[in-house]
Amino acid sequence: MAQDLFLYENISEQLTAHIRSGNYQPGERLPSVRALSKLFGVSINTVIQSLRKLELDGYVDIRERSGAFVCAALPSVRSGQSVAHFPLLPVDVSLSEDILRYMEPHTRAGILHLGIALPAAELMPVPRIMRLYRELTRRQPQAVWDYSHPNGVASFARQLSHRSLTHEVPLAEHDILVTNGCMEAIELALRTVTRRGDVVAVETPTYYGSLLALEVLQRRALEIPTHYRDGLCLYSLEQAFKRGQVKACLVSCNAQNPLGFCLSLERKRKLVELASRYQVPLIENDIWGDTVYSGDSLPAKAFDSEGMVIYCSSFSKSLMPGLRLGWVAAGRFHGRLRELKQISSITTAAAPQLLVGRLMESGGYAQHLQQLRARLQAQVQTMIEIVRQSFPAGTQVHEPQGGCVLWVRLPDKQDARMLFERALEHGIHVFPGSVFSAGVNHSDFLRLNAGSPVTAETEAKLRCLGELAGLSQSG
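Residue numbers (full-length UniProt numbering): 1 to 475.
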């Protein structure tokens with residue numbers, strides 16, 4: 001048994017060997033978590049993580065309240081291939097050309113846009129936003145015309161700080177810097193706490209924009225195994241922290257893109273505690289946080305008593321991407337990040353800040369979010385049902401807890417890049433899963449945007465996409 005594998009990986013490797021040798025047959029239930037804990041002499045949490053890895057690797061199906069069952073079809077293992085798909089070794093990121101290629105069809109007319117993750121304009125209060133904008137230009141023309149303060153418009157930052165009143169560690173107005181979207185916040189955060197050649201821990205799969213930022217800034221990625229229900233493996237992350245492998249960690253805790261999970265409050269606390277204990281800055285991308293359907297969507301930043309979390313967010317997914325309005329709360333790194341912001345873009349346009357500040361102050365934004373969450377959840381559920389009905393047997397899709405994307409696993413290790421090409425010929429734009437990892441993972445996944453209402457045309461094209469997936473399978 002490889003000595004460099006972590007404990008949970010050792011256990012999953014042993015169970016994998018038993019499954020592949022036929023000691024556990026397809027459909028057979030593995031011993032209970034408690035029984036495995038006693039058998040291996042480890043904690044229940046370690047066993048759970050081992051089973052999650054087996055599920056990620058395609059060996060078991062975990063059924064709620066029933067246990068773990070061996071999958072009907074086992075994944076193939078090439079000669080010399082290690083069972084563990086996630087050796088914790090840093091890798092260079094080289095995805096920019098692929099990402100641009102897969103993004104390009106979003107600008108084309110006459111196709112079904114399932115590629116870019118974005119709620120549709122008809123879900124947004126566009127008339128109210130335009131009315132507010134006209135009022136602003138009439139009543140405050142000088143403020144709209146002029147530069148805003150480098151930190152941002154004070155009234156807008158105040159409204160943002162009010163949203164943290166339920167946090168264990170609330171934000172003050174002076175803790176906030178306004179940015180041109182969430183990506184500028186993330187880029188500034190990376191430049192603040194890392195240098196060229198440094199290694200940054202990321203989830204896998206993770207948002208391809210984060211990987212693109214690492215590539216452009218010449219940082220390397222350390223991919224941490226991540227589960228669609230539980231989020232990233234905190235045990236693996238702690239080992240990386242312990243070994244001094246990373247200079248920062250870039251994560252999403254709410255409605256993570258593309259998996260859609262929300263970390264539990266307990267795991268968010270643990271994540272912040274690890275960052276504080278090992279003094280590793282935690283960059284939190286919370287761009288989808290406002291779209292969490294129900295339950296507690298507190299960010300990890302809410303528990304940041306030592307200032308180790310650099311919180312990044314924007315209104316691009318919850319209100320209007322064209323505003324390019326984001327913000328960052330950088331904790332102990334505030335001063336350096338502010339300097340980088342000033343030499344990067346000096347300041348952020350005042351008009352969007354005044355507009356959204358007014359919308360938040362009136363209660364209109366909170367009211368809009370209630371409607372948006374309900375509609376996104378309904379659209380997601382409808383699309384899941386269509387995918388399950390239309391795609392070939394063995395396709396896996398799980399319901400996200402927020403956002404508007406579906407992470408779909410194709411059966412028989414199909415390459416989603418081939419399906420991308422075939423779908424485009426039929427007027428359907430999707431995003432292959434290969435660009436959500438810096439390594440060679442997730443090529444048999446695709447991400448679908450469920451941000452638009454499901455019309456008859458949408459349903460017909462989704463069913464067509466399922467047929468094309470079936471043809472790719474047979475071909």
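No residue lacks a Cβ here, since even glycine has one placed at the ideal position from N, Cα and C.
Since this is a predicted model, take the numbers as computed values, not measurements.
Nearest-angstrom Cα separation, counted from residue j out to residue i
i           : j       : result
Gln-332     : Pro-281 : Sequence inspection shows Arg at residue 332; the Gln mentioned does not correspond to that position. C-alpha separation (whole angstroms): 10 Å.
Arg-358     : Phe-315 : 14 Å
Leu-465     : Glu-421 : 11 Å
Ser-394     : Leu-30  : Correcting the residue identity first, residue 394 is Gly in this sequence and not Ser. Roughly 21 Å between the two C-alpha positions.
Pro-75      : Ser-443 : 14 Å
Asn-10      : Asp-230 : 20 Å
residue 515 : His-18  : Here the chain has residues from 1 to 475 only, and residue 515 is not among them.
Gln-377     : Gln-367 : 16 Å
Lys-268     : Ala-300 : 5 Å
Leu-419     : Phe-436 : 16 Å
Val-199     : Glu-399 : 32 Å
Leu-319     : Val-33  : 43 Å
Ser-12      : Pro-90  : 22 Å
Ala-121     : Asn-441 : 33 Å
Val-169     : Gly-22  : 52 Å
Leu-468     : Glu-425 : 11 Å
Gly-244     : Asp-290 : 33 Å
Gln-396     : Thr-347 : 44 Å
residue 556 : Gln-379 : This structure does not reach residue 556, given that the chain is present from 1 up to 475, and the question cannot be answered.
Leu-462     : Thr-107 : 20 Å
Leu-165     : Leu-36  : 43 Å
Leu-234     : Ala-117 : 27 Å
Pro-26      : Phe-69  : 8 Å
Asn-449     : Arg-375 : 14 Å
Glu-97      : Thr-206 : 17 Å
Ala-330     : Ser-155 : 19 Å
Asp-286     : Leu-136 : 28 Å
Met-360     : Thr-382 : 30 Å
Ala-350     : Met-308 : 29 Å
Val-60      : Ala-248 : 33 Å
Gly-41      : Asp-296 : 34 Å
Ile-224     : Val-246 : 11 Å
Nearest-angstrom Cβ-Cβ length linking residue i and residue j, presumed shorter than 8 Å
i       : j       : result
Asn-54  : Leu-15  : Correcting the residue identity first, residue 54 is Leu in this sequence and not Asn. About 6 Å; that satisfies the 8 Å criterion.
Gln-239 : Glu-203 : Not confirmed; about 15 Å, so no contact.
Leu-265 : Leu-298 : 7 Å
Arg-158 : Glu-173 : 5 Å
Val-251 : Leu-222 : No, Val-251 and Leu-222 are not in contact; Cβ-Cβ is about 12 Å, not under 8 Å.
Leu-372 : Pro-352 : Contact flag wrong, Cβ pair sits at about 18 Å.
Leu-211 : Ala-438 : 6 Å
Gly-115 : Phe-431 : 5 Å
Ile-428 : Ile-48  : Ile-428 to Ile-48, Cβ: 38 Å. No contact.
Gly-433 : Cys-404 : That belief does not hold up - the Cβ atoms of Gly-433 and Cys-404 are roughly 17 Å apart, past 8 Å.
Leu-354 : Ala-73  : That pair is no contact at about 57 Å.
Leu-188 : Ser-344 : 7 Å
Leu-237 : Ala-201 : 6 Å
Buried or exposed (CB count within 10 angstroms, at least 16 for buried), residue i
i       : result
Lys-242 : exposed
Met-130 : exposed
Asn-45  : exposed
Lys-38  : exposed
Arg-447 : buried
Trp-145 : exposed
Ser-294 : exposed
Asp-92  : exposed
Ala-460 : exposed
Glu-457 : exposed
Val-126 : exposed
Ala-185 : buried
Tyr-147 : exposed
Arg-219 : buried
Phe-86  : Because the pLDDT at Phe-86 is just 43, under 50, the model does not fix this residue reliably, and the value given afterwards should be weighed accordingly. When all chains shown are included, Phe-86 counts as buried.
Thr-226 : buried
Ser-66  : exposed
Val-83  : Caution is warranted here: a pLDDT of 35 is assigned to Val-83, below 50, making its placement in the model unreliable, and the coordinate value is therefore given only provisionally. The residue in question, Val-83, is buried, as its Cβ has 16 or more Cβ neighbours within 10 Å.
His-334 : buried
Near the ligand PLP: residue i beta-carbon under 6 Å from a heavy atom
i      : result
Leu-15 : Only the bare structure without any ligand can be found here, which leaves the ligand PLP out of the picture.
*When the Cβ atoms of the stretch 336 to 353 are set against those of the stretch 188 to 197, are three or more pairs found closer than 8 Å?*
The answer is yes - the stretch 188 to 197 touches the stretch 336 to 353, with three or more Cβ pairs under 8 Å.
*In chain order, which beta strand (DSSP E) runs of at least 3 residues are fully inside the stretch 208 to 289?*
Restricting attention to beta strand (DSSP E) runs no shorter than 3 residues, the stretch 208 to 289 encloses them at 220 to 227, 248 to 251, 282 to 285, ordered along the chain.
*Between the stretch 171 to 183 and the stretch 382 to 397, do three or more beta carbon pairs fall short of 8 Å?*
No: fewer than three Cβ pairs fall under 8 Å.
*Do the stretch 212 to 219 and the stretch 271 to 289 touch if we need at least three Cβ pairs shorter than 8 Å?*
Result no; under three Cβ-Cβ pairs closer than 8 Å.
_So within the stretch 293 to 372, which uninterrupted beta strand (DSSP E) runs reach at least 3 residues, ignoring any that extend past its ends?_
Listed in chain order, the complete beta strand (DSSP E) runs (minimum 3 residues) inside the stretch 293 to 372 are 309 to 314, 326 to 329.
_Completely contained alpha helix (DSSP H) runs for the stretch 115 to 174, where each covers 4 or more residues_ = Within the stretch 115 to 174, the runs of alpha helix (DSSP H) that reach at least 4 residues and sit entirely inside it are, in chain order, 126 to 139, 141 to 145, 154 to 162.
_My parser needs the alpha helix (DSSP H) runs of 4 or more residues fully inside the stretch 19 to 88; what are they?_
Fully enclosed alpha helix (DSSP H) runs of 4 or longer: 33 to 40, 44 to 56.
_Completely contained beta strand (DSSP E) runs for the stretch 377 to 417, where each covers 3 or more residues_ = At a cut-off of 3 residues, the continuous stretches assigned as beta strand (DSSP E) that sit fully inside the stretch 377 to 417 are 405 to 409.
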